[in-house]
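For the sequence shown, position 33 matches number 33 in this note's numbering, and the numbering has no gaps at all.
A virtual CB, placed ideally from N, CA and C, is assigned to each residue, including glycine.
Computed from a predicted structure; not experimentally measured.
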Amino acid sequence: MPVFQLSREIIFPPPELAEPDGLLAVGGDLSPERLLEAYRSGIFPWFGEGDPILWWTPSPRLVLIPQEFHVSRRLARVLRQNIFSITADTAFREVITNCAAKRSRNREETWITPDMVNAYCHLHDLGYAHSIECWKENRLVGGLYGVALDHVFFGESMYCETSNASKIALHTLVRHAMNSGIHFIDCQMRTEHLLSLGAREISGNSFQELLRNSIKTIRPQKKWRLQ
């Protein structure tokens with residue numbers, strides 16, 4: 001089945017027409033309107049520097065239900081120590097650029113190109129993309145970012161410079177999700193790390209059903225306030 005070529009019109013083919021590896025379409029742009037339409041449809045961009053924009057919707061899909069987040073004994077001990085300060089939406093650009101830089105230092109391929117950074121910072125300015133920051137001794141040592149639409153948070157990436165910082169950021173996201181009515185966190189694709197924290201794989205059809213039940217309206221959200 002050929003991969004769909006997007007036009008200037010902001011429309012995507014049905015997710016069920018994706019390739020077995022999840023690739024659905026190529027082309028288009030990273031405008032806020034197209035990105036929001038993609039996320040509401042369970043589609044996300046993922047491509048390398050110099051490549052065309054590629055759009056994906058893998059099946060199975062990794063999701064994290066907030067109530068299923070697993071707090072290990074070690075993480076519980078770190079939480080009790082209270083060695084990190086946590087904020088939200090105070091250093092979005094720093095978090096996303098640090099996610100990219102961390103992967104580069106580890107010689108891992110990164111999809112967080114300069115164009116992606118600018119596109120998601122624009123979404124953040126509009127109230128659709130959000131970050132959680134983890135600080136130690138007034139230094140940013142970890143965090144995560146993603147896109148929030150109605151009752152869904154689409155996680156994009158997280159990083160840490162100090163042991164357990166990203167886990168603390170994710171734990172904070174889970175608590176915020178439970179307090180603010182977020183039904184689930186989209187983790188996109190399987191990783192053993194996220195599986196160990198309680199995430200699980202579901203079919204593409206089940207994921208689409210979750211989306212339909214969780215996204216009724218698309219409205220920007222004010223700066224997150226953590227409780």
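Outcome for residue i when other beta-carbon atoms lying within 10 angstroms are tallied against a minimum of 16
i	result
ASP186	buried
ARG73	exposed
GLN208	buried
THR238	The question about residue 238 has no answer here: the residues shown for the chain are numbered 1 through 227.
ARG61	buried
ASP125	exposed
ILE11	exposed
PRO15	buried
SER193	First, the amino acid is wrong: residue 193 is His here, not Ser. Exposed.
ASN118	exposed
GLY50	exposed
GLN81	exposed
GLU9	exposed
Identity of the residues DSSP links to residue i by a beta bridge
i	result
TYR159	GLY143
VAL71	None, per the DSSP bridge assignment.
LEU226	None; LEU226 has no bridge partner.
PRO220	According to DSSP, which records beta bridges pairwise, PRO220 is partnered with nothing at all.
GLN5	VAL26
PHE153	ALA148, ILE185
CYS134	ILE86, GLY142
PRO66	Bridge partners of PRO66: none, in fact.
TRP55	ALA25, PRO45
ALA129	VAL147
ILE202	ARG61
Cβ separation of residue i and residue j, assumed to be a contact under 8 Å, to the nearest whole Å
i	j	result
PHE44	PHE154	7 Å
THR97	LYS136	Contact flag wrong, Cβ pair sits at about 19 Å.
LEU30	MET158	Going by Cβ atoms, the distance from LEU30 to MET158 rounds to 21 Å, so no, they are not a contact pair.
TYR39	LEU173	Not quite, the Cβ-Cβ distance comes to about 17 Å (not below 8 Å), so this is no contact.
ILE202	HIS151	With 8 Å as the limit, ILE202 and HIS151 do not qualify as a contact, their Cβ atoms being about 16 Å apart.
ILE86	CYS134	6 Å
PHE47	ALA165	Not a contact, Cβ separation roughly 28 Å.
GLN5	MET178	Their Cβ separation, rounded to whole angstroms, is 41 Å, which puts GLN5 and MET178 out of contact at 8 Å.
GLU94	LEU140	6 Å
When the options are compared against residue i, the one with the closest alpha-carbon
i	options	result
GLY27	GLU16, PRO52, LEU36, TYR128	PRO52
SER180	VAL147, GLY50, GLN227, SER166	GLN227
VAL63	ARG225, ASN82, PRO220, LEU211	LEU211
TYR120	VAL3, ARG175, ALA91	ALA91
LEU170	PHE4, SER41, LEU75, GLN5	LEU75
ILE215	SER7, ALA18, SER41, LYS223	SER41
GLN221	THR113, VAL147, ASN213, GLN5	VAL147
TRP224	ARG175, PRO13, ARG80	ARG175
LEU17	ASN213, ASN205, ARG219	ASN205
LEU195	LEU6, GLN5, ILE65	ILE65
ARG77	ASN138, LYS167, ALA199	LYS167
ASN213	GLU156, PHE184, LEU197	PHE184
* For the segment 119 to 129 and the segment 29 to 38, state whether three or more C-beta atom pairs, one from each stretch, are separated by less than 8 Å. => The segment 119 to 129 vs the segment 29 to 38: in contact.
* At least 3 beta-carbon pairs within less than 8 Å: the segment 52 to 65 vs the segment 9 to 27 -> yes
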